[in-house]
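Contents: one structure, followed by commentary.
In our numbering, the protein residues as written are 210 to 465.
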């Protein structure tokens with residue numbers, strides 16, 4: 210079983226690549242959370258994979274909440290559990306946080322992997338130029354192949370780079386909470402009211418009301434799915450993102 214969180218397609222792509230080689234089923238944490246499905250049952254020899262992006266050197270709020278509620282049902286107290294964290298600049302303490310959550314439940318994280326991919330935080334990163342995207346992805350496929358090989362062999366590996374400890378990441382978590390205010394989002398006149406942003410939001414923070422796009426919750430995940438998938442590119446964050454373009458993983462056409 211592979212559970213993943215993916216806003217703009219990177220982690221779904223990674224989970225899909227692993228699934229192709231291991232024949233493990235994959236499920237979206239977004240959908241699992243919406244369905245309040247917090248229980249996963251593993252066969253004796255079945256692995257559990259967790260594939261997530263790094264947000265502010267930690268985890269997206271939904272991932273932290275979901276994993277904290279997760280119940281793993283298995284008769285194998287040595288179940289092979291691995292985690293893959295995608296990142297643009299650093300995986301931070303994302304894997305350490307997962308390890309901590311699992312340990313509180315009595316499970317060990319068998320293997321840890323980090324994988325550099327395109328950073329969609331366009332407050333800082335310019336994704337309008339192909340060379341900038343290639344800088345993020347130049348080693349992605351070769352590293353992913355190494356990760357998949359390790360998972361297939363159920364190795365106890367630590368194939369990570371540029372990690373931070375959980376204490377250091379706690380300061381970044383404070384910054385993340387500050388940035389999650391939905392009041393920072395705006396919509397310009399190019400909006401066609403197609404409703405994709407409202408239908409797509411992982412935490413149902415967006416609605417169409419009185420022929421306007423409105424955020425109905427004070428905070429969201431700032432996953433930027435709404436911003437990057439908007440057909441009209443009408444959504445902006447802090448008036449800083451439009452100049453830096455949009456990006457979704459080119460291998461993914463369905464987002465869940």
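The beta carbon of each residue, even a glycine, is placed where N, CA and C say it ideally should be. This one's a predicted model, so the numbers in the text were calculated from it and none came from an experiment.
Span of the alpha helix (DSSP H), counted from its first residue to its last, around residue 238: 238-243
Spatial distance of residue 440 from residue 339 (CA atoms): 20 Å
Closest by CA to residue 320, which one among 396, 265, 368? 368
Outcome for residue 455 when other beta-carbon atoms lying within 10 angstroms are tallied against a minimum of 16: buried
By Cβ distance, which residues of its chain are closer than 7 Å to residue 349, with the 5 residues on each side in sequence left out? 324, 325, 326
Jot down the residue ranges of each uninterrupted beta strand (DSSP E) in the segment 257-298, minimum 3 residues, whole runs only, in chain order. 257-262, 280-282, 290-296
Identify every residue that forms a DSSP beta bridge with residue 235. 211
Are the CB atoms of residue 270 and residue 433 within a distance shorter than 8 Å? no
Would you call the segment 456-465 in contact with the segment 399-406, where contact means no fewer than 3 C-beta pairs closer than 8 Å? no
Proximity test, Cβ basis, 8 Å: residue 285 and chain B: You won't find chain B in this structure, because it holds only one protein chain.
Could you tell me which of 431, 412, 402 sits nearest to residue 422, measuring between CA atoms? 402
Based on DSSP bridge pairs, tell me the residues matched to residue 424. 415
Whole-angstrom distance between residue 365 and residue 282, CA atom to CA atom: 21 Å
Excluding the 5 residues flanking residue 428 on each side, which residues of the same chain have their C-beta closer than 7 Å to its C-beta? 389, 390, 391
Touching or not, the segment 211-231 and the segment 312-319, by the rule of three or more beta carbon pairs under 8 Å? no
Rounding to the nearest angstrom, what Cα-Cα distance links residue 235 and residue 228 in this structure? 7 Å
By a C-beta neighbour count over all protein chains shown, 10 Å radius and 16 as the cutoff for buried, is residue 328 buried or exposed? buried
Residues sharing a beta bridge with residue 322, DSSP: 293, 368
Assuming residue 433 is part of the beta strand (DSSP E), what are its boundary residues? First-last for residue 433: undefined, no H or E at that position.
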